[in-house]
Each structure stands twice: as C-alpha cells, then as structure tokens.
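Encoded as structure tokens, the structure appears first; notes follow it.
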Amino acid sequence: MKMERSICCKEIMKADVLDSKGLKIGNIGDLTFTFDGNLKISKFILAGPRWEELLESLKIREDRDPVFDSTLIKRIDTNVHLDTSVNSLKTTLDKGAISEDEIRYSTLEKTKIVDKDGHNIGHVIDIDFDMDGSVSMIVGGGFIEEKLEALGLKTDVDIIVPGNTIDSIKDEIHLNVSKDDLDTTMEDAVKSKKEMKARDSKEVTRQVTKVHLFTHRPF
C-alpha cells in the first residue's frame, strides 16, 4: 500500500474507492485493527452506494459489505485505488473475513483512554497512518484537552500518541505511560516546536498542527 503522505481514518473515509478499472465502487465505511503490543491496521470495510445503505437500514437485504486488506490497495492519494474488482472481495458475512480479535475503528472512537495508573487521559478522535507503516492515536478530551488549554492551544492541534504506548485494549485503552509522562512530553513537544503541519484537504481549509508525542519509545 503506497501513500503520498500520512493520512487519518476520517480522511480515508471521505475518499472514493476505485476498482482496478478506475470505477468508483463506494467509500470506506469502517476499518479494523489488531493489537499484539502494537496497533496495526487490518481490514477496510467498503460502504455501498446510498440506495444500498437505505435498503440495508430497511432490512430489505442482508448487510453484506465487501472487505479487503492493505495488500489489495495499490495506492492512496485523493482516492483509494484497488488492484482488484469488487466482485472478488470477501464480505462481512463470509466466515473468517473479519476475525474475533479485530477491533473496529467505530468502536475505538468511543473508547476511553487511561494512563498506567488508571487516570483519564481522553479518548480516540482519529487514527493516524504514517508513511513508515506505523499507526498512532489522535487523542482529545480529558487531560489532553485541559493540557492544551493550559498551553494556550485550544483549537487546531492534533495530539498524536504512538500505538506502542498502548498496554492493552479492552473496555478501555490502557497506556503504558503515566499522566506525568504525557504532561512533560506535551510541554517539550510544543516548546521545542517538534510539530508537523497537517495536510490540506479539499473539505478542510484550516491548518492543523500535529504534535507527535514519544517520538522515541517511552520506556
């Protein structure tokens, strides 16, 4: 899977998905991840055309959405380009298409994040994919929001916490770092200007500052 730049889930879900002939076959409706000490992207779930979604909501047809992994993605630019046709894809109703240990992005978005001592850190507002293949969480709310306000950065800032700071994912996302570690790292990252300007997108014209925490492993 080739990418022109780092990209997040919400951005991918706005892009059109094109088959090997360049025909639009839908959009990404959800994604799944695995966790084995590191958070990794697993599957992409294709959402059908609007009329199909309406039929599904009315229970007129089974909710059978196509599923594919990154090996079937030729590249991601303004669109998601597949190396195959939609008819060759497995669906969410096929056995083994999505394993029981996979976690949906739509679930991660609602999951509370706590530090290693159980203090509330915030919640996942997006997932960021870097060009090196690493996966990180964009975190907001809770302590993160309070700290940003204390630093005078209330808006247009993405706090990015790498996947290797996650200790476990169950009902909550438990980090292997403390609230104090996050506090110090956020201050250092902002003060030393270890920031990256986020990509422009056709829907979003504002500039977002991406603050990467723990650019080296925190332990």
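Residues 65 to 283 (our numbering) are what the sequence shown spells out, left to right.
All residues carry an ideal CB built from backbone N, CA and C; glycine is no exception.
Notebook entry, point to check: If ILE224 sits next to HIS276, beta carbons under 8 angstroms apart, how far is it from one beta carbon to the other, in whole angstroms?
Noted result: 5 angstroms
Item checked: Residue span of the beta strand (DSSP E) that contains LEU110, given as start and end -> 103-111
Next item on the list: Quick one: measure Cβ to Cβ for LEU146 and VAL199, integer angstroms, because I've assumed they're closer than 8 angstroms.
Entry: Wrong, their Cβ atoms sit about 21 angstroms apart, outside the cutoff.
Next item on the list: Report yes or no: do three or more beta-carbon pairs, one from the segment 157-177 and one from the segment 135-143, lie closer than 8 angstroms?
Entry: no
Item checked: With 16 other Cβ atoms within 10 Å as the buried cut-off, status of PRO130 -> buried
Next item on the list: Pair every Cβ in the segment 237-248 with every Cβ in the segment 170-183, then say whether three or more of these pairs are closer than 8 angstroms.
Entry: yes
Margin query: Short of 6 angstroms in beta carbon distance, which residues of its chain neighbour PHE99, apart from the five on each side in sequence? Order them along the chain.
Written below: ILE233
Item checked: Among LYS104, LYS107, SER134, LEU87, the one whose alpha carbon lies nearest that of MET67 -> SER134
Margin query: Spatial neighbours of ASP194 within its chain, please: C-beta separation below 8 angstroms, excluding the five flanking residues on both sides.
Written below: SER70, SER200
Note to self: Classify LYS261: buried if its beta carbon has 16 or more other beta carbons within 10 angstroms, exposed otherwise.
What the structure shows: Confidence at LYS261 is low in this model, with a pLDDT of 44, below 50, so its placement is unreliable and no value can be given for it.
Check: Which first and last residues belong to the beta strand (DSSP E) in which LEU136 is found?
Finding: No beta strand (DSSP E) holds LEU136; DSSP gives it neither H nor E.
Notebook entry, point to check: Out of curiosity, what's the CA-to-CA distance linking LYS251 and THR171?
Noted result: Looking at the sequence shown, residue 251 is not Lys but Glu. Spanning the two alpha carbons is a distance of roughly 30 angstroms.
Notebook entry, point to check: Since ILE230 is in the beta strand (DSSP E), which residue starts that stretch and which ends it?
Noted result: 230-233
Next item on the list: Between the Cα of LYS274 and those of ASN228, LYS243, LEU212, spot the shortest distance and give me the residue it belongs to.
Entry: LEU212
Check: Nearest to MET77 by CA position, among ILE109, LYS85, ASP165, LEU87, is which residue?
Finding: ILE109
Notebook entry, point to check: When the distance is taken between beta carbons, is HIS187 closer than 8 angstroms to LYS243?
Noted result: no
Notebook entry, point to check: Between ARG168 and ASN102, what straight-line distance do the alpha-carbon atoms span, to the nearest angstrom?
Noted result: 15 angstroms
Margin query: Assuming LYS211 is part of the alpha helix (DSSP H), what are its boundary residues?
Written below: 206-214
Notebook entry, point to check: In angstroms, rounded to a whole number, what distance separates the CA positions of ASP192 and PRO226?
Noted result: 9 angstroms
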